[in-house]
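Last residue of the sequence shown: 293 (UniProt numbering), numbering continuous. C-beta: ideal position from N, C-alpha, C; glycine also.
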Amino acid sequence: MYRFLLSRQWVILTLVGLVLIPVMIKLGYWQLHRHQHKVAQNALIARSLADDPVPVTTLTAPGRELPRRDMWRTVTATGTFDTAHEVVVRQRTAADEQSIGYYVVTPLVLGNGRGVLINRGWVSAGNDLTKFPDVPAAPRGKVTVTGRMMADETTAASGIKDTKGLPARQVMLINSSEQAKRTGRPMLGGYIEQTLPKPAGNTPEPVPEPDHDSIGPHMAYAIQWWLFAAAVPVGWIVLVRRERRDRAAAVKEAQEAREAGATAGDGGRTAEPAGSGETETAGDEAAAAPANP
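So, in structure tokens, the structure goes:
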């Protein structure tokens, strides 16, 4: 009844289904983990933004990698801007997430001689990407900057290639270690996305607060993958039953056709031509009649 399952076609189909089920389940868990990561990150951002500001030196030091738990914490730093070592970071989007331009990163020299990188915001790229853009000047004298603490950018974490040979004072990544080499000054690990003082007049566009409300479609994708995994055995059973029904119907039709053919053949052999019986009787009577004298 189910011997067709041993055919090459069905063996291949069954093996493909057995491979797809665990793959789809794994993809579902992958999306679930992405959902959980997003939820945890949203909670971390919300908690960090709600915390009271702390001095930047309480969270980081030269050469220190910023722990994830300290990301987006509000910090303050007091010093003077070192505009001579200001750089712009290429291929960054404005708050509208469409316009491409630069982030303006300026070292802030603290009272102890150490520096911390300040992302002052976004400026348009202009028409000539080989030249340093027209950047609004940083405030002069001693200032107190407030902003979100961020970890150093790396190619591995951001996916941004650290292209070499760029025009002067242009970089691809915000990285305190690289800027420490450029300036010859110790730099605190990580950098600050400036939020205060509020921009006034011709200043870079502030980097918007990170989104911590959206959870994305990852949970929906996880459910979809698991539904696909469940549909594979259900679909396999449906196909098996359909194949069995079609084969049974084909066998029945063939049997009925054979029976109809056999019945037609028997009728052709036993039927007698019309009038043959009368002819034979008449011949017998003529033979039995006495001859006339």
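So what does DSSP say about residue 153, is it helix, strand or coil? coil
Could you check where the alpha helix (DSSP H) with residue 22 kicks off and where it finishes? 8-50
Mind listing, in chain order, the continuous beta strand (DSSP E) runs of no fewer than 3 residues lying wholly within the region 94-149? 100-110 and 115-124
Over the uninterrupted beta strand (DSSP E) stretch that includes residue 77, give me the two end residues. 74-81
Touch check for the region 30-50 and the region 98-107: three-plus C-beta pairs under 8 Å? no
Verify whether the separation of the beta carbon atoms of residue 149 and residue 59 is less than 8 Å. yes
Thinking C-alpha only, which one of 34, 238 and 251 is nearest residue 220? 34
Measure the CB-CB distance between residue 190 and residue 151 and report whether it falls below 8 Å. yes
Would residue 121 pass as a contact of residue 75 if the rule is Cβ separation under 8 Å? no
Run through the DSSP bridge pairs and tell me what residue 171 is partnered with. 89
Could you tell me if residue 301 is buried or exposed, where buried requires 16 or more neighbouring beta carbons within 10 angstroms of its beta carbon? Any answer about residue 301 is impossible in this case: the structure gives the chain only from 1 up to 293.
Report, in whole angstroms, the separation of the C-beta atoms of residue 77 and residue 110, which I expect to be a contact under 8 Å. 7 Å
Alpha carbon to alpha carbon, how far is residue 242 from residue 255? Give it in angstroms, no decimals. 20 Å
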